[in-house]
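Working notes, structure below.
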Amino acid sequence: MRFGKYSRRGGLSALEGGDRMGALLDQKYEKLFALLDANGDGVIAEDDFELMGGRVLAAVGEERAAAKGKEYADALMTYWRALRETADADGDGRIDKGEFRQALHQVSDHFDMLIGPLYRAGFHLADRDDDGLVGREDFVAVISAVGVPEAEAGAAFDRLAEEGGQLTKDQLMTAAAQFYRDEDPANTASHLLFGAL
Numbered sequence: 001m002r003f004g005k006y007s008r009r010g011g012l013s014a015l016e017g018g019d020r021m022g023a024l025l026d027q028k029y030e031k032l033f034a035l036l037d038a039n040g041d042g043v044i045a046e047d048d049f050e051l052m053g054g055r056v057l058a059a060v061g062e063e064r065a066a067a068k069g070k071e072y073a074d075a076l077m078t079y080w081r082a083l084r085e086t087a088d089a090d091g092d093g094r095i096d097k098g099e100f101r102q103a104l105h106q107v108s109d110h111f112d113m114l115i116g117p118l119y120r121a122g123f124h125l126a127d128r129d130d131d132g133l134v135g136r137e138d139f140v141a142v143i144s145a146v147g148v149p150e151a152e153a154g155a156a157f158d159r160l161a162e163e164g165g166q167l168t169k170d171q172l173m174t175a176a177a178q179f180y181r182d183e184d185p186a187n188t189a190s191h192l193l194f195g196a197l
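Last residue of the sequence shown? That's 197 in the UniProt record's numbering, and every number before it is there in order.
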């Protein structure tokens with residue numbers, strides 16, 4: 001299944017969808033591309049997702065074979081496959097920045113199915129005591145492992161969390177969905193989920 005052919009806003013192809021993206025989404029997608037290019041070689045490939053997954057699991061002390069580790073690794077690969085199937089027209093297993101920009105806009109139309117599971121799995125990793133809440137230290141550990149500077153990860157948590165210093169899954173999922181799809185400049189908490197743009 002090639003997800004790029006499907007959209008809740010009318011089934012636009014990737015080429016048609018490219019003109020719909022505003023400057024703010026461009027900035028956010030460029031930031032995300034830089035983070036997902038975990039080895040810094042200028043393209044995104046499966047090994048970047050494996051590298052990032054290893055860093056995140058190590059940051060929280062979770063084994064890949066454990067339940068939470070497997071959930072996260074599986075969700076990460078689902079995300080990668082959706083991007084690859086949408087953007088990698090020549091089948092070389094590599095996605096450049098232009099391809100990523102087009103693909104992510106299409107994949108984000110299927111956020112709940114393709115992207116949401118990754119953020120839920122990341123929340124479960126950070127929720128070490130399984131109480132449904134994530135504290136600042138654990139949030140920063142996960143986001144920093146993705147590649148966001150610690151100070152920016154901490155600032156992101158402070159914008160998102162309740163006054164008591166805890167983050168709920170619903171808060172994270174709302175912020176993540178807005179990061180991928182929302183262009184309202186007023187929603188700074190979600191736009192800065194992965195640090196400064």
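A virtual CB, placed ideally from N, CA and C, is assigned to each residue, including glycine.
Note that this is a predicted model, so its numbers are computed, not measured.
| Asked | Found |
| --- | --- |
| Supposed close pair A141, L160 - CB separation, criterion 8 Å | That pair is no contact at about 15 Å. |
| Proximal residues to D138 (C-beta, below 8 Å), its chain only, five neighbours per side dropped | V60, A126, D127, R128 |
| Pair within 8 Å by beta-carbon distance, L25 and F49 | no |
| Span separating the alpha-carbon of Y72 from that of M113 | 14 Å |
| Delimiting residues of the alpha helix (DSSP H) encompassing G154 | 150-160 |
| Residues bridged to I44 [DSSP beta-bridge criterion] | I95 |
| Nearest candidate by alpha-carbon position, reference I115, set G22, N39, L32 | L32 |
| Exposure of L167, with buried meaning 16 or more beta-carbon neighbours within 10 Å | buried |
| Cβ pair K68, F179 closer than 8 Å | no |
| For M52 and V146, believed in contact at Cβ under 8 Å, the rounded distance | 6 Å |
| Cβ-Cβ distance between F157 and L35 below 8 Å | no |
| Endpoints, the beta strand (DSSP E) within which G164 is located | Run containing G164: none; DSSP gives neither H nor E here. |
| Per-residue DSSP class, three states only, for L25 | helix |
| Proximity of I143 and A151 at Cβ, strictly below 8 Å | no |
| Rounded separation between G91 and G40 - CA only | 21 Å |
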